[in-house]
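One structure is given here, and the rest of the page talks about it.
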Amino acid sequence: MNNAAYYELYRRSTIGVTLADSLDTLISDEKIQPQLANTILNNFDRIISDNLKLEANIAKSKLSFKGVLSTYNFCDDVWTFIIKNVTIKLNDISSEGASANNSIDSEINVDKFKIVACNARRAGE
Amino acid sequence: MSNFEARKLYENIVEDVINESRQDFENSGIDESTLQELRRIWCEKLSQTQVAKFSWDDEDNMPSSSVAVADDGVPTGDSHAPSDLGGDGGEYALGEGSSGIEMSAIQNGVLTYPTVQHGLEAEVPSKNENTDVDNGTGLLLPNIGQSDGAFEFTVYTDDAKQFMKDLKAKNNGKKVKKIDQGDGNFGDDDDEDDDDIFNDSDDINSDLDDDLESDKSDGESGDQEGQLMLCLYDKVQRIKNKWKSNLKEGIANIDGKDYVFHKATGESEW
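Chains as they are written, first to last, in the numbering used here: chain A, 635 to 759; chain B, -7 to 262.
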């Protein structure tokens, strides 16, 4: 990738993995070339990054978590944390589409939580 | 917990990726139907993960046992039957015109067969009539949301041989029914190939990919245990053993559901 303006990070999300799977299916059916699949994944990188920005007006919720930091790692400008016994609070601002019986604030406890974070300021900037 | 934002985000992304990839498909000489197929497979796989409820799920989960896939590859919930299965004993007349069989009444979603009283009659439909009959079997069967066991019914006919022949002939050309399977692997997927995409994508040779490869084993390898959050960081601070992080624009998979957030703050002790 000569134009590394967008992170490939989100390919690991559910939507990214399922897209990659789908493209893989098409490749093994010989319906598309791997090259085209790569182009689509690059499109995906750009689209998901743009859609997650506040300007896109989709992701407005706030999340906070508290826990025991088990592992931290900083490599190539990427932070990786593994946090244990985490309490995650999600403040869901988007009440519009959610049905009324869903609470706005919610709290989840998980044993193990992994965070992979790229620098918000891109390396090139 | 509501994860409406994730649903909205994912639906937007599917639309955008499909629309903005159209040109790339054209440039590669791939036709529109393949693009639509990509979309269909993608939506299907997303639904299987059950990370969120999607609008296309609503269509698929119509009270119809046969989810038809339209020719253009767009999944459509093709509801043949009226949806008032729970109606209080209304006559569930299936015979349209002369071609069908009149089935019995449905009470509270349970199909009963008062065969003796009604004397179920089946006219063996002629070939020509079959063409405009649902299910392609010449029979208009009720679409029952039955998932356990076989669906049984009795047909009385004068010409059993011909009737069976017609049924078989029609069944041969029938598409495989889509099954909403929630447990285990989806049969016709090449699940073994799932890892290939990670190997394939090595071509890109980015640092992130290396990361992705090594972490895959404990990360996303299964949504069931991977509580994984992908995001950007603004600031990561440490004072002695206390870590604080300001994160943004992320997607988190928690307990099998996906959530998106604009901002996240975290505190943890090492």
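Even glycine gets a Cβ: it sits at the ideal position worked out from N, Cα and C.
Residue i - partner residues in DSSP beta bridges
{"i": "glutamate 261 of chain B", "result": "A/Val702, B/Lys234"}
{"i": "tryptophan 713 of chain A", "result": "A/Phe708, A/Ala751"}
{"i": "serine 222 of chain B", "result": "It is leucine, not serine, that sits at residue 222 of chain B in the sequence shown. According to DSSP, leucine 222 of chain B bridges with A/Val750, B/Ile243."}
{"i": "phenylalanine 678 of chain A", "result": "Note: phenylalanine 678 of chain A sits in no beta bridge, so no partner."}
{"i": "asparagine 691 of chain A", "result": "Answer is none; asparagine 691 of chain A lacks a bridge partner."}
{"i": "alanine 256 of chain B", "result": "A/Leu697, B/Leu239"}
{"i": "isoleucine 742 of chain A", "result": "A/Ile722"}
{"i": "lysine 153 of chain B", "result": "None; lysine 153 of chain B has no bridge partner."}
{"i": "tyrosine 251 of chain B", "result": "B/Ala244"}
{"i": "glutamine 229 of chain B", "result": "B/Lys236"}
Contact with chain B by residue i, beta-carbon distance below 8 Å
{"i": "alanine 754 of chain A", "result": "yes"}
{"i": "threonine 652 of chain A", "result": "yes"}
{"i": "aspartate 679 of chain A", "result": "no"}
{"i": "threonine 659 of chain A", "result": "yes"}
{"i": "threonine 721 of chain A", "result": "no"}
Close beta carbons around residue i, own chain, < 8 Å, minus the five adjacent residues each side
{"i": "threonine 293 of chain B", "result": "The structure shown does not extend to residue 293 of chain B, since chain B spans only -7 to 262, so no value can be given for it."}
{"i": "phenylalanine 17 of chain B", "result": "Asp23, Glu24, Thr26, Leu27"}
{"i": "serine 647 of chain A", "result": "Ile682"}
{"i": "alanine 684 of chain A", "result": "Alanine is not the amino acid found at residue 684 of chain A; the sequence shown has aspartate there. Cβ neighbours of aspartate 684 of chain A beyond the five flanking positions: Ala690."}
{"i": "phenylalanine 46 of chain B", "result": "Arg(-1), Tyr2, Glu3, Cys35, Leu38, Ser39"}
{"i": "valine 651 of chain A", "result": "Arg645"}
Residues near residue i in its chain [Cβ-Cβ closer than 7 Å; skip 5 each side]
{"i": "proline 668 of chain A", "result": "Ile661"}
{"i": "glutamate 241 of chain B", "result": "Cys223, Leu224, His254"}
{"i": "glutamate 642 of chain A", "result": "Asp679"}
{"i": "lysine 718 of chain A", "result": "Gly701, Val702, Ser704, Asp745, Lys746"}
{"i": "valine 750 of chain A", "result": "Leu643, Val712, Thr714"}
{"i": "alanine 654 of chain A", "result": "Arg645, Leu675"}
{"i": "leucine 1 of chain B", "result": "Val252"}
{"i": "isoleucine 692 of chain A", "result": "Asn685"}
{"i": "valine 6 of chain B", "result": "Arg31, Trp34, Cys35"}
Contacting residues, own chain, Cβ-Cβ under 6 Å from residue i (five flanking each side not counted)
{"i": "asparagine 707 of chain A", "result": "Thr714"}
{"i": "lysine 748 of chain A", "result": "Ile716"}
{"i": "lysine 227 of chain B", "result": "Asn238"}
{"i": "lysine 723 of chain A", "result": "Ser698, Glu741"}
{"i": "cysteine 35 of chain B", "result": "Trp48"}
{"i": "tyrosine 251 of chain B", "result": "Asn(-5), Ala(-2), Ala244"}
{"i": "aspartate 739 of chain A", "result": "Asn725"}
{"i": "valine 263 of chain B", "result": "It is not possible to answer for residue 263 of chain B, since the shown part of chain B is limited to -7 through 262."}
{"i": "isoleucine 246 of chain B", "result": "Gln219"}
{"i": "methionine 221 of chain B", "result": "Gly242, Ala244"}
{"i": "serine 260 of chain B", "result": "Trp235"}
Proximal chain D residues relative to residue i, where beta-carbon distance stays under 7 Å
{"i": "tryptophan 48 of chain B", "result": "Here chain D cannot be found, since the structure's protein chains are A and B."}
CB contact below 8 Å: residue i versus chain A
{"i": "phenylalanine 155 of chain B", "result": "no"}
{"i": "aspartate 151 of chain B", "result": "no"}
{"i": "lysine 45 of chain B", "result": "no"}
{"i": "valine 252 of chain B", "result": "yes"}
{"i": "aspartate 158 of chain B", "result": "no"}
{"i": "threonine 146 of chain B", "result": "no"}
{"i": "alanine 161 of chain B", "result": "no"}
Contact test: residue i Cβ vs the ligand ADP heavy atom, cutoff 7 Å
{"i": "serine 647 of chain A", "result": "Looking for the ligand ADP in the displayed structure turns up nothing, as the structure carries no ligands at all."}
Using 8 Å as the Cβ pair cut-off and three pairs as the minimum, do the segment 17 to 31 of chain B and the segment 696 to 705 of chain A touch?
no
Give me the subset of the segment 222 to 243 of chain B whose CB atoms are less than 7 Å from a CB atom of chain A, sorted by chain position.
Leu222, Cys223, Leu224, Tyr225, Asp226, Val228, Trp235, Leu239, Lys240, Glu241, Ile243
Residues of the segment 6 to 31 of chain B with a CB closer than 8 Å to any CB of chain A: list them in chain order, please.
Val6, Asp8, Val9, Glu12, Ser13, Asp16, Phe17, Ser20, Ile22, Thr26, Glu29, Leu30
Chain-ordered residues of the segment 681 to 703 of chain A with a beta carbon less than 7 Å from chain B
Ile681, Ile682, Asn685, Leu686, Lys687, Leu688, Ile692, Ala693, Lys694, Ser695, Lys696, Leu697, Ser698, Phe699, Lys700, Gly701, Val702, Leu703
Take every Cβ of the segment 225 to 234 of chain B, pair it with every Cβ of the segment 671 to 679 of chain A, and state whether three or more of those distances are shorter than 8 Å.
no
Name, going along the chain, the residues of the segment 637 to 649 of chain A whose beta-carbon falls closer than 9 Å to a beta-carbon of chain B.
Ala638, Tyr641, Glu642, Leu643, Tyr644, Arg645, Arg646, Ser647, Thr648, Ile649
Is the segment 750 to 757 of chain A touching the segment 1 to 15 of chain B, taking contact as three or more C-beta pairs under 8 Å?
no
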